[in-house]
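Novice: If you read the sequence shown in my numbering, its first letter stands for residue 50, the second for the next number, and so on.
Each residue gets a CB set at the ideal place from its N, CA and C atoms; glycine is no exception.
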Amino acid sequence: MAGTVGVLGGGTLLHSLIERHHDRLGPCTLKHLSEANAALSWLRSAGPEADVLLIGPSVENAVRIAERAVAMGRGTELVICACPESHAAIKAEAERSYLLGDAATCLSIDEPDAVVRALEDALGRARKRRRYEGLVSAAEAVSAQAAPVLASPRAGNVEGLWKYAPIGVLVADVIEGRVLDRNQKAAELLGVEAGAPLDEGFAERDRARLAALLAEAPSGSPAPRAFVVERGGVALHIEVLIAAGHTEQSRLLLLQDVTARRLVEEELRRKLALIEEQQRRIEELSTPIIQVWEGVLCLPVIGLVDAERAARMTEELLAAVVRARAAFVVVDLTGVPEVDASTVDGIVGMVRASALLGASCLLSGISARVARAVVELGLDLQGIQRFSSLHAALGSVLKNGR
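1) May I ask you to report which of helix, strand or coil DSSP gives ILE158?
2) Return the first residue and the last residue of the beta strand (DSSP E) that HIS440 is part of.
3) GLU357 lies in the alpha helix (DSSP H); which residues open and close that run?
4) Between which two residues does the alpha helix (DSSP H) carrying ASP452 extend?
5) Grab me the residues of LEU406's own chain with a C-beta within less than 6 Å of its C-beta, minus the 5 sequence neighbours each way, in chain order.
6) Around the Cβ of GLN462, are there at least 16 other Cβ atoms within 10 angstroms (buried) or fewer (exposed)?
7) Check each candidate in SER437, LEU426, ASP394 and ALA442 and name the one with the smallest Cα separation from SER409.
8) Mind checking which residues open and close the beta strand (DSSP E) that includes GLN298?
9) Compare the C-alpha of GLY124 against each of ILE104, GLY217, ALA153 and ARG166 and name the closest.
10) To the nearest angstrom, how far is the alpha carbon of GLY205 from that of GLU253?
11) How many whole angstroms separate the CB atoms of LEU229 and ALA243, which I take to be in contact at a CB cut-off of 8 Å?
12) Measuring only between beta-carbons, confirm whether GLY384 sits less than 8 Å from chain C.
13) With DSSP run on the structure shown, which of helix, strand or coil describes THR53?
14) Skipping 5 residues on each side, what residues in its chain have a beta carbon closer than 7 Å to that of LEU321?
15) In whole angstroms, give me the CA-to-CA distance for VAL128 and GLU237.
16) If we ignore side chains and look at the alpha-carbon of each, how far apart do GLN434 and ARG358 end up?
17) Write down the C-beta distance between LEU479 and ILE216 rounded to the nearest angstrom, noting that I regard them as a contact closer than 8 Å.
18) Using only CA atoms, which one of SER107, GLY281, GLY75 and PHE276 lies nearest to VAL313?
19) Looking at the structure shown, is GLY384 part of a helix, part of a strand, or coil, going by DSSP?
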């Protein structure tokens, strides 16, 4: 089940964070919200489809907006991301408003893992709520239709009324543990007839759970529970919601076959695992540290470099410097088309960290575009040897120290 996340404020930072961690968050649709009124209008129009509202650090009066969202009673999950310097104040304001807990979460934007974890939890709760609401609606509709029949002397004869219901329906006697009646869909799922033991169609390992659930939920279960039934040697995954029956010892069991969804989810997990493995291999190839000569390493940088990639490259380069006992490191920027402040900061930090391990660091392949960007950004490259080409940098290594 795809989720929907409305993003208010935060610019590209929150959007890129969500896109980078789509494997953890699962399928979800992002709704870009320009300002507070647009967010509230989206909550009103989307209704139950508005799973999570993510409020970014650039939004003023974040707590006030969250209060108004909660007051709508849509059940939307709220995640507030604050700047590090204002996080404590916003969190305290949210606590005073009794927002934090089930209603909302307040986090600092400089803790991306915590933000992703909060979104993951919020989407999980929202998906579960939507499945539950769907089953509750079905249960209410079936109960309303069944009420006249259940009140008659022939209370067990509900097959005609429920025959074409899209979900399985069982009328059960929980004291005797017997099936009073069932519709066609329930018969297809469980293979049981009236008078059969209630747990007959369920897998052996799930029968005790079913009995405990029926005993603990005299007025119905608050949420659907997952069970496995065995039909012809094939395991079917079903969700069971229990509703109160027409007597104290009877229950309505609403059964929904979710086998196809489980298979899709398993296939999705398999594909995501494959994507993660491919991503890991791509990352390894994107940081090819080459030992040119003994004690001389070269790192050709290809493509754009963001903060995350710069940190990964720095970690791998430092490990290579220690492993090879390198005296020289050449970082070649020939394959970097453009730079911004974060790119240069990451590369400079990588070079200076290598120098702390005793390696002399050289930058090569600085194009006119890169040089102009460095000047315009006012970045300091003092103390770092710079060369126009990799050939010139390696020639300097040969001449001066190898």
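Specialist: Reading it off the structure:
1) coil
2) No beta strand (DSSP E) contains HIS440, which is instead part of the alpha helix (DSSP H) from 439–449.
3) 356–373
4) The chain is shown from 50 up to 451; residue 452 falls before or after that span and cannot be answered.
5) VAL370
6) Only positions 50 to 451 of the chain appear in the structure, and residue 462 is not among them; the question remains open.
7) ALA442
8) Careful: GLN298 lies outside any beta strand (DSSP E) and carries neither H nor E.
9) ALA153
10) Caution applies to GLY205, whose pLDDT of 45 falls short of 50 and renders its modelled position unreliable; the value that the coordinates give is listed next. Each residue's alpha carbon lies about 27 Å from the other.
11) 6 Å
12) Looking at the structure shown, chain C is missing, and only one protein chain is on hand.
13) strand
14) ASP72
15) 43 Å
16) 23 Å
17) In the structure as shown, the chain starts at 50 and stops at 451, and residue 479 therefore has no counterpart that could be examined.
18) GLY75
19) strand
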